[in-house]
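Reading through the structure tokens given below for one structure.
Numbering (my numbering), first residue to last: 522 to 814.
Rendered as structure tokens:
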């Protein structure tokens, strides 16, 4: 059997394990994590086949190592595993930032860096932990791989095949392009949702605001229920691109404020129509892609 070692057996790592089992791909999944309770829960739920505590033993004969932890934990894990990596072992990750992780891997892994394939599954939920794992989480979802010039083609193919077996759509791009795109369409929306909820919660009459909040507030702020630790790490790791996106958004808000101050109904409607059309076009494209797959 092929051996997959997963660091972090929560939503992302656990869903990968369940998807591989559902597809009957012949992978033996060993889990390793910060807490024994999480590993025991993953074992009880049938997510992993084995829970490991001895790092050297866990890495023996491993075909692929998946690091599915908050991004700030990835570099320390790379440092821990580097002395025990075998020549055949491929390493990948599921972090939401890529340029920083690729650089860290290059500095830490030495010659094994050619077998490190940075990855990012574009799937998730505001829930975390092994109980949140879903076998179908990656069905028809994009997984972005960001190989560098030094990446071993065989390692890249191994990680690509791993994700394809889960039903995912595998895409490739540069690490810098990835970080720029996801600062805008993922990291910034989370930052805004957290900020809105925090601002309202800090008001003396916060309870009254939350009492009357309905579907619009629920939909806009759903992602503020995500892991604070994870999004702290992502925001700091991609802060350069994220700061640029904040500048763009603040400029847009300034323009919107000016339209409101002037009572410019024509300008306001034009902005809303542009945004509505763009959003509806995107939704139709998403629905069409999902139907075709």
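For every residue, glycine included, the Cβ atom is placed at its ideal position computed from N, Cα and C.
Closest in alpha carbon position to residue 580, among 801, 527, 785, 694, is 527.
Within 10 angstroms of the beta-carbon of residue 773 lie fewer than 16 other beta-carbons, which makes it exposed. For residue 593, the closest C-alpha among the options 665, 623, 632, 551 is that of 623. With fewer than 16 other CB atoms across the displayed protein chains lying within 10 angstroms of its CB, residue 723 is exposed. Rounded to the nearest whole angstrom, the C-alpha separation of residue 718 and residue 709 is 14 Å. DSSP places residue 663 outside any alpha helix (DSSP H); the residue lies instead in the beta strand (DSSP E), whose first and last residues are 663 to 666. Proximity to residue 554 across 625, 537, 598, 565 peaks at 598, based on C-alpha coordinates. Where residue 585 is concerned, the enclosing beta strand (DSSP E) starts and stops at 585 to 588. For residue 670, same chain residues with a beta-carbon under 8 Å away, outside a window of 5 residues either side, do not exist. If you draw a 10 Å sphere on the C-beta of residue 636, you find 16 or more other C-beta atoms in it, and that means buried. Closest by C-alpha distance to residue 641, out of 668, 705, 625, is 668. Rounded to whole angstroms, the separation of the alpha carbons of residue 583 and residue 616 is 20 Å. CA-CA distance, residue 532 to residue 591, rounds to 12 Å. With distances taken between CA atoms, residue 621 lies nearest to 595 out of 683, 632, 595, 644. Going by beta carbons, residue 675 and residue 662 fall outside the 7 Å limit. For residue 561, the closest alpha carbon among the candidates 726, 530, 689, 700 is that of 530. Judged by their CB atoms, residue 766 and residue 704 are nearer to each other than the 7 Å cut-off. Linking residue 699 to residue 716 through their CA atoms gives a straight-line distance of about 24 Å. For the pair residue 807 and residue 770, the Cα-to-Cα distance works out to about 24 Å. Just so you know, the alpha carbons of residue 799 and residue 538 end up roughly 36 Å apart. A Cβ-Cβ contact shorter than 7 Å links residue 570 with residue 550.
With respect to the 7 Å criterion, residue 655 and residue 536 are classified as neighbours on the basis of their beta carbons. The three-state reading of DSSP puts residue 614 in strand, counting E and B together. DSSP, read as helix, strand or coil, puts residue 546 in coil.
In the DSSP secondary-structure assignment, residue 690 is bridged to 663.
Pairing residue 755 with residue 618, the inter-Cα distance amounts to about 7 Å.
C-alpha of residue 805 to C-alpha of residue 797: approximately 12 Å in a straight line.
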